[in-house]
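Going by the working numbering, the first residue of the first sequence is number 341, and it counts up by one from there.
Just so you know, even glycine gets a beta-carbon here, dropped at the ideal spot from N, CA and C.
The structure appears below as structure tokens.
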Amino acid sequence: MTFKIATWNINSVRLRISMVEDFLNEHQVDVLCLQEIKCQNDLFPTAAFNELGYVHQAVHGQKGYHGVATVSKLPLADISSTDYCEMGDTRHVECVVEAGGQKLRLHNFYVPAGGDEADVDKNPKFAHKLKFLDEMKQLDADSGGIPSILVGDLNIAPLPTDVWSHKQLLKVVSHTPVETETLGDVMDAGGWEDLIRHHIPPEEILFTWWSYRSKDWNVANKGRRLDHIWSAPELKKSLVDINVVRESRGLEKPSDHVPVIASFEF
DNA sequence: ATGACGGATCTAATCCGA
Numbered sequence: 341m342t343f344k345i346a347t348w349n350i351n352s353v354r355l356r357i358s359m360v361e362d363f364l365n366e367h368q369v370d371v372l373c374l375q376e377i378k379c380q381n382d383l384f385p386t387a388a389f390n391e392l393g394y395v396h397q398a399v400h401g402q403k404g405y406h407g408v409a410t411v412s413k414l415p416l417a418d419i420s421s422t423d424y425c426e427m428g429d430t431r432h433v434e435c436v437v438e439a440g441g442q443k444l445r446l447h448n449f450y451v452p453a454g455g456d457e458a459d460v461d462k463n464p465k466f467a468h469k470l471k472f473l474d475e476m477k478q479l480d481a482d483s484g485g486i487p488s489i490l491v492g493d494l495n496i497a498p499l500p501t502d503v504w505s506h507k508q509l510l511k512v513v514s515h516t517p518v519e520t521e522t523l524g525d526v527m528d529a530g531g532w533e534d535l536i537r538h539h540i541p542p543e544e545i546l547f548t549w550w551s552y553r554s555k556d557w558n559v560a561n562k563g564r565r566l567d568h569i570w571s572a573p574e575l576k577k578s579l580v581d582i583n584v585v586r587e588s589r590g591l592e593k594p595s596d597h598v599p600v601i602a603s604f605e606f
């Protein structure tokens, strides 16, 4: 079977539920991983997803901020969340899904943005971000014999081609050397592969986020690749496509992030 | 100036995002 999984920082799932419905109808993914749902679990639009067949839902939300949710047409097992940095916020949910006989562990992450200043002594948010990443080094891409897929808004653009200006963003949170190196350490420690860059050459400029603050986002094109899809090495051979749905940024009242879809053949 | 917009909240001005 073809297995399609998408990640999308939706920046309020309640405000944008109709564009999520349109996305699901058009792209027919099996699993959708959302970040920044910005609502408590009991306010999550469960019924709207049920009606489209996404009756299996792992929702981990809180009031007003953050929040992640994984919705699926396929049954979800072993649902759990890890409270990274023990802050009591909602930035991770995981589950196990079976697609065409292939068991997969799915991690859905919303890594802290890290505030304005890239200095752990002056900026507690930046310290939080680095500590969060440090704890992510414990994650194994192949735990318990089940290969994993890790998706989400990691709030780091690791490669020079992941930002509109490598030089101008070297001191800007999301592209500082300490962040990109630590993210590399997370990948090395867990044995993760960057599936987006496996499919789209690292030389190619690629963004998944454009600030609300730049007027003409498409012309200025001052974006960053903050959203990621990683996996265990053994899943690389099953990857058949990566689709960054750039046109979503041009919708009426869009999220500042666009969806990214990975397609596998199992 | 990279860039001042956009979401949620005790609906008004404040916090937060990256």
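{"query": "Whose C-alpha, out of Thr386, Ala387, Tyr405, Ala398, is nearest the C-alpha of cysteine 379?", "result": "Tyr405"}
{"query": "Measuring CB to CB, does alanine 602 end up less than 8 Å from isoleucine 350?", "result": "no"}
{"query": "Taking all protein chains shown into account, decide if threonine 342 is buried (16 or more other Cβ within 10 angstroms of its Cβ) or exposed.", "result": "exposed"}
{"query": "Return helix, strand or coil for valine 408, following the three-state DSSP convention.", "result": "strand"}
{"query": "For leucine 355, which three-state DSSP category applies?", "result": "coil"}
{"query": "Could you tell me whether the stretch 462-469 touches the stretch 499-508, using the rule of 3 or more Cβ pairs below 8 Å?", "result": "no"}
{"query": "So if DSSP puts lysine 443 in a beta bridge, which residue, or which two residues, is it bridged to?", "result": "Glu438"}
{"query": "Can you grab the Cα-Cα spacing for the pair aspartate 493 / glutamate 533, in whole Å?", "result": "16 Å"}
{"query": "According to the Cβ coordinates, are isoleucine 489 and isoleucine 536 closer than 8 Å?", "result": "no"}
{"query": "Taking only runs that begin and end inside the stretch 441-500, name each unbroken alpha helix (DSSP H) of 4 or more residues, in chain order.", "result": "464-476"}
{"query": "Measure the alpha-carbon distance for glycine 563 versus aspartate 362 and round it to whole angstroms.", "result": "24 Å"}
{"query": "Residues bridged to alanine 529 by DSSP?", "result": "None; alanine 529 has no bridge partner."}
{"query": "Rounded to whole angstroms, what's the CA-CA distance from serine 595 to alanine 417? Just pull it up for me.", "result": "29 Å"}
{"query": "Go through the stretch 377-402 residue by residue and report every complete run of the beta strand (DSSP E) that reaches 3 residues or more, in order.", "result": "396-400"}
{"query": "Among Gly428, Phe389, Tyr424, which one has its Cα closest to the Cα of threonine 410?", "result": "Phe389"}
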